[in-house]
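Notes follow the structure.
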Amino acid sequence: TGIFLVITAVNNADDLVIDDWYKEGRGTNRNMAAENIAADFGIGMRTVSTSDGGTDIQFTAARKMVWPDSMQLALRHRTLAEQDQEFVLTHLGDGQYHAIRPLPPGNWHVRVASDDVSWRLAGPATVSTSGELVLGAAH
Numbered sequence: 003t004g005i006f007l008v009i010t011a012v013n014n015a016d017d018l019v020i021d022d023w024y025k026e027g028r029g030t031n032r033n034m035a036a037e038n039i040a041a042d043f044g045i046g047m048r049t050v051s052t053s054d055g056g057t058d059i060q061f062t063a064a065r066k067m068v069w070p071d072s073m074q075l076a077l078r079h080r081t082l083a084e085q086d087q088e089f090v091l092t093h094l095g096d097g098q099y100h101a102i103r104p105l106p107p108g109n110w111h112v113r114v115a116s117d118d119v120s121w122r123l124a125g126p127a128t129v130s131t132s133g134e135l136v137l138g139a140a141h
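Throughout, this note's numbering is defined as the position within the sequence shown, counted from one, plus 2.
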C-alpha cells in the first residue's frame, strides 16, 4: 500500500504549488502595477456571445485610450489547471474585440492584458450561461 500511495501522490500532484516563490513574487509586483494602471484609467469590459459561436468584448475607459490590435484573455479555474483556457482577442475598432470561441460558463479567475502588459484587468468573475462577463470599471 505504501508504493500505491506514492504513485498516487506523484500522479496527482497539486497544481496550486509554485516552485519559484521569489520569481513569482517579483511578477506579482509587476502585475499589481499593471492592475493599478487599469484602475487609474477606469478600464472595464463586458462580454456577449455572438451568433457565430464567438464572443464580442467591449472595453470602456474613463480616459482616452489607444486600444491595442490584440489582447490575451485567460480564464483560470480555481483548482483544476486542465480546465484553464486562453483566448486571443482581435480588435474590431473603438475598444471592441472578438474571440472566435464562446467563453465557458462558470466561476473563473479572469485576466485580460494588452500584449505589452502596460495594463491588466484581473479578478474573480462569473461567466453566465449566456456568455456574459463583466470585469473592472464596467461593473
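Where is the CB? At the ideal position from N, CA and C, for every residue including glycine.
Classified as exposed, M34 has fewer than 16 neighbouring CB atoms from the shown chains inside 10 Å of its CB. With distances taken between CA atoms, S72 lies nearest to I59 out of I59, A139, G125 and L82. The beta carbons of G133 and I102 sit no closer together than 8 Å. Bridge partners of M47 according to DSSP: F61 and L137. By the Cβ neighbour-count rule, F89 is buried, with 16 or more other Cβ atoms within 10 Å of its own. With fewer than 16 neighbouring CB atoms inside 10 Å of its own CB, A83 falls in the exposed class. Beta-bridge annotation (DSSP): G95 is paired with Q98.
In the three-state DSSP reduction, M67 falls in the coil class, being neither helix nor strand.
Residues of the same chain with a CB within less than 6 Å of the CB of A64, apart from the 5 flanking positions on each side, are G44 in chain order. 8 Å or more divides the Cβ of V136 from the Cβ of W110.
Shown here, L77 sits in a strand according to DSSP, grouped into three states.
Here the C-alpha atom of R113 lies approximately 17 Å from the C-alpha atom of D42.
A Cβ-Cβ contact shorter than 8 Å links G138 with G46. Annotation for V119: no beta strand (DSSP E) segment contains it, and DSSP assigns it neither H nor E.
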